[in-house]
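Peer 1:
There are 2 protein chains.
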Amino acid sequence: MKIIMDTLGGDKSPGANVDGVIAALEKYPDLSFILTGEEDYLREAAVGYEDRIEIVNAPGIITGDDKPTDAIRLKKDASMIAGIRLLREREDADALVSCGATGALVAAATLRIGRIRGIRRPAFCPILPTMDGGTVGICDSGANTEVSAEMLLQFAVMGTEYMKCVFGKENPRVALLNVGTEAEKGDDLRREAYALLSEADGVNFVGNMESRDLLSGKYDVVVADGFSGNVLVKTVEGTALELLKKLKRDIYSKTRYKIGAMIMKDMFAKEKAFMNYQNYGGSVLIGTEKSVIKGHGSSDASAVLKCIEQAITIKAGSMNENISAWLAMREEKKETENV
Amino acid sequence: MKIIMDTLGGDKSPGANVDGVIAALEKYPDLSFILTGEEDYLREAAVGYEDRIEIVNAPGIITGDDKPTDAIRLKKDASMIAGIRLLREREDADALVSCGATGALVAAATLRIGRIRGIRRPAFCPILPTMDGGTVGICDSGANTEVSAEMLLQFAVMGTEYMKCVFGKENPRVALLNVGTEAEKGDDLRREAYALLSEADGVNFVGNMESRDLLSGKYDVVVADGFSGNVLVKTVEGTALELLKKLKRDIYSKTRYKIGAMIMKDMFAKEKAFMNYQNYGGSVLIGTEKSVIKGHGSSDASAVLKCIEQAITIKAGSMNENISAWLAMREEKKETENV
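Read top to bottom, the protein sequences are chains A and B.
Quick note on numbering: my numbering labels position 70 of the first sequence as 70, and the sequence is numbered without any gaps.
Quick note on numbering: my numbering labels position 123 of the second sequence as 123, and the sequence is numbered without any gaps.
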């Protein structure tokens, strides 16, 4: 298996990316890489692994300030854009890992990488930790601001196969993000999607979910349009981060609190780790023929390694083949019904 | 001023509602009330205030499980529906306070209470605390799942006048909820709204906001369609609640943590109070001719009093007149431009 690593764009790039790659090479003897980024730096970093690392010079960086469509069009020398191009062109490349700007990565991958036959639009699926120690995937969370009910059904299937494959869940519970739990809640899109999801084979649909229940542990996949899914994920991140910051500030406001916090130091460290998204792996763009995995911007080497391992698991677990099988089954059922 | 109080439907109803009413009567000598609920109970509770409390028997309760449209149509004896009817019919009634089911209240008020002339749809605006000790209003957050750009502009104006009037903010900073901060982000609706907001008089528009920045204290009003606004508010609530629950569980897992937490007991109590939404008053439906204020379901007497005081401030501060003045100004400007 060959993975393309975009070595620029993360807060700890390129060091964390290269260290993650080398850890993966040590752990998985059949793995090889193409690295995009600053050639000189990468040549030096790859010494000793030349037979399993290919280097492509693409020293440009895309930041969150770049408009995605401009970045794709104008920054052809960027490590991310080069990575996408290689993923498209090189038949032997299976996946791309990047810790760069999400918007540009999702836009470039959606535009340039072929979709699984029958998939209307790929969906971006980050993972959040739930309060019972589990995980929940939000599908879609930003790739598509405008969607149809049929697309939401496809997101449900993609999320299901992803949570099965990468998180080992047997029969993922799928919910539809809505403004209330009753079947008739929300707008026409939501009501139509609810009906489709209720009768779909291969989807363990458990109903509408209000966003306040996201972290309850009752759901494995939350289906959403990319706009509200994006709001959902970023609100959890923002709220958790702001609360932890406030807690820290308040602790430092009094000596007595500092003493109390010292006694509980390891507990606070665990809370912080719990809310640290990189511990749960990258966010995957599902629905493309080849996987694109977005590591958190602050990823360290071990987080980069997790992203690489997600790519390996997706291939080994035949995630895309399972999605294709579902699509074929649905097509067949439609045809049978039409006869 | 006369306020209608729905005395049923909250977790601490009717006790908290009646106690809140009596506290308000003591504090504001010109105030009077119409109470809807269980007549016998209310008669007894109102002893000594008969000249300023009118009682209307309407003992039915609407819960979150009732489908709003059914509740409005079928539960005519419900205290909430009676309250809405009285608000509509009684010329001397100025506002309604209820701690009952949000969905039914918003639906009934939107259907039955007249709108400010020129307002397309009322918006529901809850308040969240920000991390710098301030507040932010989310307008709309559930009354309208489908909106136009012009409606979003009106929400901006309604939110602005509300934050000025009730929270004393001089020039509220208004942001548009979006998936990124750049002007071209989001779908067509967001881009159109961005353009309208940018050039509108009387709105201090500061640009797009990503949901992770909601609690930063950089914004006073966040404009959203009711679907994503609802997701936003409920995600903050859910995340904060789940994190505090987790913290508590973790503290109880070890004696040492319990000791540490004991030392910090007053700090944790303050964090809890900080995240307690009822401390910031009720959520107001803005855009109706008469105010409808939704207290939190768990409101106690002091929270109910806060809701009553919001109704007083809205009237005293001429919020609706200011919204009307803006609408008139915009109409005039449009006409001048067309000449």
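Even glycine gets a Cβ: it sits at the ideal position worked out from N, Cα and C.
Here the structure is a predicted model, which means the values were calculated and not measured.
What did DSSP end up calling Glu54/B once you bin it into helix, strand or coil?
Peer 2: Three-state result, Glu54/B: strand.
Peer 1: Anything in chain B within Cβ reach of Ala240/A, meaning under 7 Å, just list it in chain order.
Peer 2: Ordered by position in chain B, the residues that pass the 7 Å Cβ test against Ala240/A are Thr239, Leu243.
Peer 1: Is there a Cβ of chain B sitting closer than 9 Å to that of Asn230/A, yes or no?
Peer 2: Cβ-Cβ to chain B under 9 Å: yes for Asn230/A.
Peer 1: Roughly how many angstroms separate the alpha carbons of Ala156/B and Ser148/B, rounded to a whole number?
Peer 2: Roughly 13 Å between the two C-alpha positions.
Peer 1: Taking the alpha carbon of Gly202/B as the reference point, which residue from Ser302/B, Pro14/B, Gln154/B has its own alpha carbon closest?
Peer 2: Gly202/B has its Cα closest to that of Gln154/B, out of Ser302/B, Pro14/B, Gln154/B.
Peer 1: Assign Lys294/B to buried or exposed, taking buried as 16 or more other Cβ atoms, counted over all protein chains shown, within 10 Å of its Cβ.
Peer 2: It counts as buried.
Peer 1: Quick one: what's got a C-beta closer than 8 Å to Thr181/A's C-beta in the same chain, skipping five residues either side?
Peer 2: Within the same chain, Thr181/A has close Cβ partners Gly207, Asn208, Met209, Glu210.
Peer 1: Between Pro126/B and Gly103/B, which are expected to be in contact by the criterion C-beta below 8 Å, what is the C-beta distance as a whole number of angstroms?
Peer 2: Wrong, their Cβ atoms sit about 14 Å apart, outside the cutoff.
Peer 1: Using only alpha-carbon positions, find the residue among Phe33/A, Ala45/A, Tyr28/A that is nearest to Arg52/A.
Peer 2: Among Phe33/A, Ala45/A, Tyr28/A, the Cα nearest to that of Arg52/A belongs to Phe33/A.
Peer 1: So is Val47/A buried or exposed if we call it buried at 16+ other beta carbons inside 10 Å?
Peer 2: Classification for Val47/A: exposed.
Peer 1: Assuming Ala301/B and Asp19/B are in contact, meaning their beta carbons sit under 8 Å apart, how far apart are those beta carbons, in whole angstroms?
Peer 2: With 8 Å as the limit, Ala301/B and Asp19/B qualify as a contact, their Cβ atoms being about 4 Å apart.
Peer 1: How would you list, in chain order, the residues of chain A whose beta-carbon sits under 9 Å from the beta-carbon of Met131/B?
Peer 2: Within 9 Å Cβ-Cβ: Glu242, Leu243, Lys245, Lys246, Arg249.
Peer 1: If we count Cβ pairs, one from each stretch, closer than 8 Å, do we get three or more for the region 107-115 of chain A versus the region 280-295 of chain A?
Peer 2: The region 107-115 of chain A is in contact with the region 280-295 of chain A.
Peer 1: Run the proximity test for Gly10/B: is its beta-carbon closer than 8 Å to any non-hydrogen atom belonging to the ligand FMN?
Peer 2: You won't find the ligand FMN in this model; it holds no ligand whatsoever.
Peer 1: Given that Arg256/A touches chain B, what residues does it touch there, using C-beta distances under 8 Å?
Peer 2: The answer, in chain order, is Ile263, Met264.
Peer 1: What separation, rounded to the nearest whole angstrom, lies between the Cα atoms of Ser79/A and Ile312/A?
Peer 2: The straight-line gap from Cα to Cα measures roughly 22 Å.
Peer 1: Could you pull out every residue in the same chain whose Cβ sits closer than 7 Å to the Cβ of Thr7/A, ignoring the five residues on either side in sequence?
Peer 2: Excluding residues within five positions, the ones whose Cβ falls inside 7 Å are Ser13, Pro14, Asn17, Val18, Leu35, Thr36, Gly37, Leu42, Ser79.
Peer 1: Taking the continuous alpha helix (DSSP H) assigned at Gly137/B, which residues delimit it?
Peer 2: That residue, Gly137/B, is in no alpha helix (DSSP H); its beta strand (DSSP E) goes 135-139.
Peer 1: Would you mind telling me which residues of chain B sit closer than 7 Å to Ile259/A, beta carbon to beta carbon, in chain order?
Peer 2: Per Cβ cutoff of 7 Å: Ile263.
Peer 1: Buried or exposed, going by whether 16 or more other CB atoms sit within 10 Å of the CB of Ala193/A?
Peer 2: Flag for Ala193/A reads buried.
Peer 1: If you reduce the DSSP assignment to three classes, tell me which class Cys307/B lands in.
Peer 2: In the structure shown, Cys307/B sits in a helix (DSSP, three-state: H, G or I).
Peer 1: At what residue ranges does the region 208-283 of chain A contain a whole run of the beta strand (DSSP E), taking only runs of 3 or more?
Peer 2: Runs of the beta strand (DSSP E) inside the region 208-283 of chain A: 221-223.
Peer 1: Using the Cβ count rule (16 or more neighbours within 10 Å means buried), how would you classify Ala426/B?
Peer 2: The question about residue 426/B has no answer, for chain B in this structure spans 1 to 339.
Peer 1: In whole angstroms, what separates the C-alpha of Gly142/A from that of Thr160/B?
Peer 2: Going from the Cα of Gly142/A to the Cα of Thr160/B covers about 29 Å.
Peer 1: Work out the CA separation of Val136/A and Phe124/B for me, nearest whole Å.
Peer 2: Their backbone Cα atoms lie some 29 Å apart in a straight line.
Peer 1: I want to verify the contact list: residues of chain A whose CB lies under 9 Å from the CB of Glu210/B, in sequence order.
Peer 2: The answer, in chain order, is Asn230, Val231, Lys234, Gly238.
Peer 1: With DSSP run on the structure shown, which of helix, strand or coil describes Asp65/A?
Peer 2: Coil at Asp65/A, not helix or strand.
Peer 1: Nearest by alpha-carbon distance to Pro29/B: which of Glu54/B, Tyr49/B, Gly186/B is it?
Peer 2: Checking every option, the nearest Cα to that of Pro29/B belongs to Tyr49/B.
Peer 1: Check whether the Cβ atoms of Pro172/A and Asp213/A lie closer than 9 Å to each other.
Peer 2: No, they are not a contact pair.
Peer 1: From the DSSP output, in three-state form, read off Asp6/A for me.
Peer 2: Asp6/A falls in the strand class under three-state DSSP.
Peer 1: Using only the alpha-carbon positions, how far apart do Asp94/B and Met1/B sit?
Peer 2: Rounded to whole angstroms, Asp94/B to Met1/B spans 7 Å at the Cα level.
Peer 1: Is there at least one Cβ from chain A nearer than 9 Å to Gly180/B's Cβ?
Peer 2: Closer than 9 Å: yes.
Peer 1: Classify Leu285/B as helix, strand or coil using the three-state DSSP reduction.
Peer 2: If DSSP states are grouped into helix, strand and coil, Leu285/B belongs with the strands.
Peer 1: What does a CB cutoff of less than 8 Å around Lys246/A pick up in its chain, not counting 5 residues either side in sequence?
Peer 2: There are no such residues.
Peer 1: Can you tell me the Cα-Cα spacing of Met319/A and Ser299/A, whole angstroms?
Peer 2: Cα-Cα distance, rounded: 25 Å.
Peer 1: Quick one: residues in its chain with C-beta nearer than 6 Å to the C-beta of Lys144/A, no 5 flanking neighbours on either side, listed in chain order?
Peer 2: A small correction: the amino acid at residue 144/A is Asn; Lys does not occupy that position in the sequence shown. Counting only Cβ-Cβ distances below 6 Å, and skipping sequence neighbours, we find Arg121, Gly226.
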